[in-house]
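A.B. asks:
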Amino acid sequence: MKYNYQYILDPSKNINYDMILRLPDNAFIPNDPANTDWQAYQEWLSQGNTPLPPESN
Amino acid sequence: MALTQITSDVISSNAISATMIANGSITSAHVANNTITSTHIVSVSNTAITGNIISSQITSVANTQLTGVINSNQLVTSAQYMGFKNRIINGAMVIDQRNAATAVTVNNTAVVTLDRWLVEDGLTTGILSAQQVSDAPFGFINSLKVTASTGSGAIGAGEYAVITQLIEGNNVADLAWGSASAISVTVSFWVKATTTGNYSCTLYNNGASRINPQSYTINVAGTWEQKTITFTGDTTGTWLTNNGRGIVVNFYIALGTTYQSSSGWNALSKYGVSGTTNGLVTTGNTFQITGVQLEAGTQATSFDFRDFSRELIMCQRYYAKSYDYGTIPGSSNIGNGRVGYYAADTNTTCYAKLPINMRVAPTLTVYSTYDGASGYAREGGTTTNKVVTPLGTGETSVLYALLGTATATNFYYTHYTVSAEL
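Chain order of the listed sequences is A and B.
Under the numbering used here, the first sequence has 12 at position 12, and the numbering climbs by one with no breaks.
Under the numbering used here, the second sequence has 152 at position 95, and the numbering climbs by one with no breaks.
Now the structure itself:
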């Protein structure tokens with residue numbers, strides 16, 4: 001499955017850099033270096049990709 | 058004159074035979090310590106000895122001289138047969154939290170099918186279907202079945218299809234791989250396939266800098282066969298002993314020549330032995346496996362059956378859900394086990410305690426109980442979904458919220474899955 005990613009906002013309306021939303025399955029991935037989904041996201045970033053901007057809450 | 062004592066020097070050798078001594082007439086009280094040595098004993102029947110014999114009193118025992126049951130407290134140095142013997146989780150293929158025995162398609166990707174079992178399709182043409190089925194050898198009730206829903210035909214040098222289990226380093230730390238004390242392991246499993254021939258079973262480390270492919274043969278098509286392979290413990294390389302990938306166990310169903318070589322440890326991306334069979338050439342070809350065990354030592358022992366709840370808990374360290382066991386995540390109108398929360402105003406948060414400590418902070422997916430849509434909560438009493446915002450996940454709990462979108466005094470309902478796969 002080809003994934004895309006999107007930033008999410010925290011309660012203060014700031015980008016929450018400790019989580020990322022994976023599309024299209026809407027999975028929330030935490031910033032944990034040992035989480036293999038986070039590792040896949042980091043690899044996606046290293047390929048020059050950029051997450052979509054967050055939806056406003 | 059009555060005789061009070063007969064000493065050995067007045068009795069000729071072999072003058073007294075066993076038939077001249079009444080049963081029970083000589084007891085241990087008549088025999089001084091250390092006067093009977095092994096050279097005086099020809100044989101002892103199984104029932105002739107009572108009491109304890111300690112290990113220092115046994116010089117050697119041939120394998121055929123012991124019968125009966127040996128209890129665990131009579132063993133000192135057989136630790137590999139006790140406790141967490143099988144390092145494979147869900148080796149009997151009984152746990153299927155994600156799919157409840159429905160088939161999943163695997164097409165140019167890797168998919169966790171049954172719990173802890175990954176099926177990966179690196180085929181150009183072939184498309185796979187993976188499923189828990191009830192066809193299994195005697196003593197088992199389930200197997201993992203991979204079917205070529207589209208046959209691969211002849212494969213290219215770089216193509217492959219594989220069934221994998223990633224074993225957490227914490228669960229193989231005692232094997233001491235990467236050191237001079239490395240312990241050999243034995244992998245045993247039952248397998249059944251459409252296509253006979255030589256296949257590869259392979260172990261490797263995190264990063265695949267140490268790889269050991271071994272060959273086994275499926276002799277008869279469509280018949281369950283048990284296979285046993287012993288792998289020499291690797292004395293070099295880096296083998297994780299933490300919550301990362303400790304040992305990767307692969308069963309190749311197809312493997313191109315790029316990855317083939319001779320058996321044994323290598324660092325050259327050789328994942329299979331030369332001549333590994335392509336078991337997926339024709340549409341409808343199948344490959345099934347169950348009863349997978351990886352244990353310390355050079356002998357395969359009986360399968361380490363664990364009760365269902367224990368096996369499930371072990372799986373939940375890597376994947377868990379709020380749904381009932383047999384409900385597929387994302388199903389609609391599922392009320393059982395739902396996670397509800399109350400909105401005092403337009404904001405509301407939901408906390409869920411996870412069943413056990415997960416391997417790492419998990420990836421969280423929240424589902425509406427109304428239609429199973431991911432990323433949403435159902436507004437109680439309506440068919441309306443509201444967007445969920447995560448606030449954090451940890452090894453023991455998750456926290457998510459409705460921020461500014463809730464209706465005060467209403468309830469909201471969700472289900473969730475959490476994944477911390479290796």
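Beta carbons: idealized from backbone N, C-alpha and C, even for Gly.
Anyone know if the C-beta pair for ALA409 (chain B) and VAL455 (chain B) falls short of 9 Å?
C.D. replies: As a first step, residue 409 (chain B) must be located in the second sequence, where it is residue number 352. As a first step, residue 455 (chain B) must be located in the second sequence, where it is residue number 398. Yes, the pair counts as a contact, with Cβ atoms nearer than the cut-off.
A.B. asks: Smallest Cα separation from LEU232 (chain B): which of B:GLN154, B:PHE362, B:GLY303 and B:HIS472?
C.D. replies: Against the second sequence, residue 232 (chain B) aligns to sequence position 175. It is B:GLY303 whose Cα lies nearest to the Cα of LEU232 (chain B).
A.B. asks: Roughly how many angstroms separate the alpha carbons of GLU368 (chain B) and VAL168 (chain B), rounded to a whole number?
C.D. replies: Mapped onto the second sequence, residue 368 (chain B) falls at position 311. Mapped onto the second sequence, residue 168 (chain B) falls at position 111. Each residue's Cα considered, the two are about 20 Å apart.
A.B. asks: With H, G and I counted as helix, E and B as strand and the rest as coil, what does DSSP make of PHE308 (chain B)?
C.D. replies: Start at 1 with the first residue of the second sequence, and residue 308 (chain B) comes out as number 251. Correct three-state label for PHE308 (chain B): strand.
A.B. asks: CB of PHE141 (chain B) to nearest heavy atom of the ligand MN: below 8 Å?
C.D. replies: Annotation note on the ligand MN: not contained in the displayed structure, which lists no ligands.
A.B. asks: Can you find the residues in the same chain that come closer than 8 Å, C-beta to C-beta, to GLY215 (chain B), ignoring five residues on each side of it along the sequence?
C.D. replies: In the second sequence, counting from the first residue as 1, residue 215 (chain B) sits at position 158. GLY179, GLY313, THR315 and TYR316.
A.B. asks: Expressed to the nearest angstrom, what Euclidean distance is found between the alpha-carbon atoms of SER206 (chain B) and SER388 (chain B)?
C.D. replies: Against the second sequence, residue 206 (chain B) aligns to sequence position 149. Against the second sequence, residue 388 (chain B) aligns to sequence position 331. Roughly 25 Å separates the two Cα atoms.
A.B. asks: With a 10 Å radius around its C-beta and 16 neighbouring C-beta atoms as the bar for buried, classify ILE73 (chain B) as buried or exposed.
C.D. replies: Looking up residue 73 (chain B) in the second sequence gives position 16. With fewer than 16 Cβ atoms within 10 Å of its Cβ, ILE73 (chain B) is classed as exposed.
A.B. asks: List the endpoints of the continuous alpha helix (DSSP H) containing SER476 (chain B).
C.D. replies: Residue numbering aside, residue 476 (chain B) sits at position 419 when the second sequence is read from its first letter. Counting along the chain, SER476 (chain B) falls outside any alpha helix (DSSP H), though it belongs to the beta strand (DSSP E) covering 468-476.
A.B. asks: Starting from THR36 (chain A), trace the alpha helix (DSSP H) in both directions and tell me its first and last residue.
C.D. replies: The residue labelled residue 36 (chain A) in the question sits at position 36 within the first sequence. From DSSP, the alpha helix (DSSP H) with THR36 (chain A) extends over 36-46.
A.B. asks: Classify ASP178 (chain B) as helix, strand or coil using the three-state DSSP reduction.
C.D. replies: Along the second sequence, one-based indexing puts residue 178 (chain B) at 121. Correct three-state label for ASP178 (chain B): strand.
A.B. asks: Would you grab the beta carbon distance between PRO30 (chain A) and ASP18 (chain A) for me? Rounded to a whole angstrom, and I think it's under 8 Å.
C.D. replies: Walking along the first sequence from the start, residue 30 (chain A) turns up at place 30. Walking along the first sequence from the start, residue 18 (chain A) turns up at place 18. Confirmed, Cβ separation roughly 7 Å.
A.B. asks: Run down chain A in chain order and give the residues with a C-beta less than 7 Å from the C-beta of ALA418 (chain B).
C.D. replies: The sequence position of residue 418 (chain B) within the second sequence is 361, counting from 1. Result: PRO30, ASP32 and ASN35.
A.B. asks: Quick check on the DSSP output: the alpha helix (DSSP H) that includes PHE365 (chain B) runs from which residue to which?
C.D. replies: Here residue 365 (chain B) is taken as the residue at index 308 of the second sequence, counted from 1. Run containing PHE365 (chain B): 365-373, per the alpha helix (DSSP H) assignment.
A.B. asks: Which same chain residues end up closer than 7 Å to GLU225 (chain B) when comparing Cβ atoms and leaving out the 5 residues on each side of it in sequence?
C.D. replies: Against the second sequence, residue 225 (chain B) aligns to sequence position 168. These residues qualify, in order along the chain: ASN300, GLY303, ARG416 and LEU479.
A.B. asks: Would the beta-carbon of SER241 (chain B) fall within 9 Å of that of GLY290 (chain B)?
C.D. replies: As a working mapping, residue 241 (chain B) is identified with position 184 in the second sequence. As a working mapping, residue 290 (chain B) is identified with position 233 in the second sequence. Contact: yes.
A.B. asks: Using only alpha-carbon positions, find the residue among B:TYR470, B:GLY348, B:ASN390 and B:VAL190 that is nearest to THR358 (chain B).
C.D. replies: In the second sequence, counting from the first residue as 1, residue 358 (chain B) sits at position 301. The shortest Cα separation from THR358 (chain B) among B:TYR470, B:GLY348, B:ASN390 and B:VAL190 belongs to B:GLY348.
A.B. asks: Could you tell me which chain A residues have their CB closer than 9 Å to the CB of VAL300 (chain B), listed as they occur along the chain?
C.D. replies: The sequence position of residue 300 (chain B) within the second sequence is 243, counting from 1. Per the sequence presented here, residue 300 (chain B) reads as Asn, with Val not at that position. Residues of chain A passing the Cβ test: ALA34.
A.B. asks: Rounded to a whole number of angstroms, what is the C-alpha to C-alpha distance between ASN165 (chain B) and GLU177 (chain B)?
C.D. replies: Numbered from its first residue, the second sequence carries residue 165 (chain B) at position 108. Numbered from its first residue, the second sequence carries residue 177 (chain B) at position 120. Roughly 7 Å separates the two Cα atoms.
A.B. asks: For LYS2 (chain A), does the count of other Cβ atoms within 10 angstroms reach 16, so buried, or fall short, so exposed?
C.D. replies: Residue 2 (chain A) sits at position 2 when you count from the first residue of the first sequence. So LYS2 (chain A) ends up on the exposed side.
A.B. asks: Can you tell which of B:ILE286, B:VAL305 and B:GLY279 has its C-alpha closest to the C-alpha of GLY264 (chain B)?
C.D. replies: Your numbering for residue 264 (chain B) matches position 207 in the second sequence. Per the Cα distances, B:VAL305.
A.B. asks: CB-CB under 8 Å to ARG395 (chain B), same chain, minus the five flanking residues each way: which ones, in chain order?
C.D. replies: The count along the second sequence starts at 1 and reaches residue 395 (chain B) at position 338. Only SER379, THR426, TYR470, THR471 and HIS472 meet the Cβ criterion.
A.B. asks: On the DSSP bridge assignment, give the partners of ALA418 (chain B) in chain order.
C.D. replies: To locate residue 418 (chain B), count along the second sequence from 1; it is residue 361. Paired residues: none, contrary to the question.
A.B. asks: Can you tell me whether THR204 (chain B) is helix, strand or coil according to DSSP?
C.D. replies: Translated into the one-based positions of the second sequence, residue 204 (chain B) becomes position 147. Strand at THR204 (chain B).
A.B. asks: Counting contacts by CB-CB distance shorter than 9 Å, is ASN4 (chain A) in contact with chain B?
C.D. replies: Indexing the first sequence from 1 puts residue 4 (chain A) at position 4. No, because no Cβ of chain B sits closer than 9 Å to the Cβ of ASN4 (chain A).
A.B. asks: Can you have a look at VAL133 (chain B) and say buried or exposed, based on whether 16 or more other CB atoms are within 10 angstroms of its CB?
C.D. replies: Sequence index remark: in the second sequence, residue 133 (chain B) carries index 76 (1-based). Unreliable positioning characterises VAL133 (chain B) in this predicted model, as indicated by a pLDDT of 44, which lies under 50. The coordinate reading is nonetheless provided below. When all chains shown are included, VAL133 (chain B) counts as exposed.
A.B. asks: Between the Cα of VAL418 (chain B) and those of B:GLY81, B:PHE362, B:PRO447 and B:ALA477, spot the shortest distance and give me the residue it belongs to.
C.D. replies: Taking the second sequence and counting its residues from 1, the one referred to as residue 418 (chain B) is at position 361. The sequence given here has Ala at residue 418 (chain B), not Val. When only C-alpha atoms are compared, the closest one is B:ALA477.
A.B. asks: Alpha carbon to alpha carbon, how far is ASP428 (chain B) from SER56 (chain A)? Give it in angstroms, no decimals.
C.D. replies: Position 56 of the first sequence, counted from the start, is the residue given in the question as residue 56 (chain A). Position 371 of the second sequence, counted from the start, is the residue given in the question as residue 428 (chain B). Cα to Cα, the separation comes out at about 23 Å.
A.B. asks: Residues of chain A with a CB under 8 Å from the CB of GLU368 (chain B): which are they?
C.D. replies: Here residue 368 (chain B) is taken as the residue at index 311 of the second sequence, counted from 1. In chain order: nothing, as chain A lies at least about 22 Å away.
A.B. asks: If you compare alpha carbons, which of B:ASN307, B:GLY183 and B:ASP172 is closest to GLN189 (chain B)?
C.D. replies: Here residue 189 (chain B) is taken as the residue at index 132 of the second sequence, counted from 1. GLN189 (chain B) has its Cα closest to that of B:ASP172, out of B:ASN307, B:GLY183 and B:ASP172.
A.B. asks: How about SER476 (chain B): is its C-beta nearer than 9 Å to some C-beta of chain A?
C.D. replies: Here the question's residue 476 (chain B) lines up with position 419 in the second sequence. Taking Cβ atoms only, chain A reaches closer than 9 Å to SER476 (chain B), which makes this a yes.
A.B. asks: Taking the alpha carbon of PHE197 (chain B) as the point to measure from, which residue in B:GLY148, B:ASP66, B:GLY438 and B:THR252 has its own alpha carbon closest?
C.D. replies: One-based indexing of the second sequence puts residue 197 (chain B) at position 140. Minimum Cα distance to PHE197 (chain B) is reached at B:GLY148.
A.B. asks: Taking 9 Å as the threshold (beta carbon to beta carbon), is ILE8 (chain A) in contact with chain B?
C.D. replies: Your numbering for residue 8 (chain A) matches position 8 in the first sequence. At least one chain B Cβ lies under 9 Å of ILE8 (chain A).
A.B. asks: So GLY432 (chain B) contacts chain A; which residues on that side make the cut at Cβ distance below 7 Å?
C.D. replies: Position 375 of the second sequence, counted from the first residue, corresponds to residue 432 (chain B). Under the 7 Å cutoff, chain A gives ASN26.
A.B. asks: Buried or exposed, going by whether 16 or more other CB atoms sit within 10 Å of the CB of PRO270 (chain B)?
C.D. replies: Residue numbering aside, residue 270 (chain B) sits at position 213 when the second sequence is read from its first letter. Buried, because 16 or more other Cβ atoms sit within 10 Å of the Cβ of PRO270 (chain B).
A.B. asks: On the CB-based measure, 16 or more other CB atoms within 10 Å of its CB, does LEU45 (chain A) come out buried or exposed?
C.D. replies: If you number the first sequence from 1, residue 45 (chain A) lands on position 45. Looking at its Cβ environment, which holds fewer than 16 other Cβ atoms inside 10 Å, LEU45 (chain A) is exposed.
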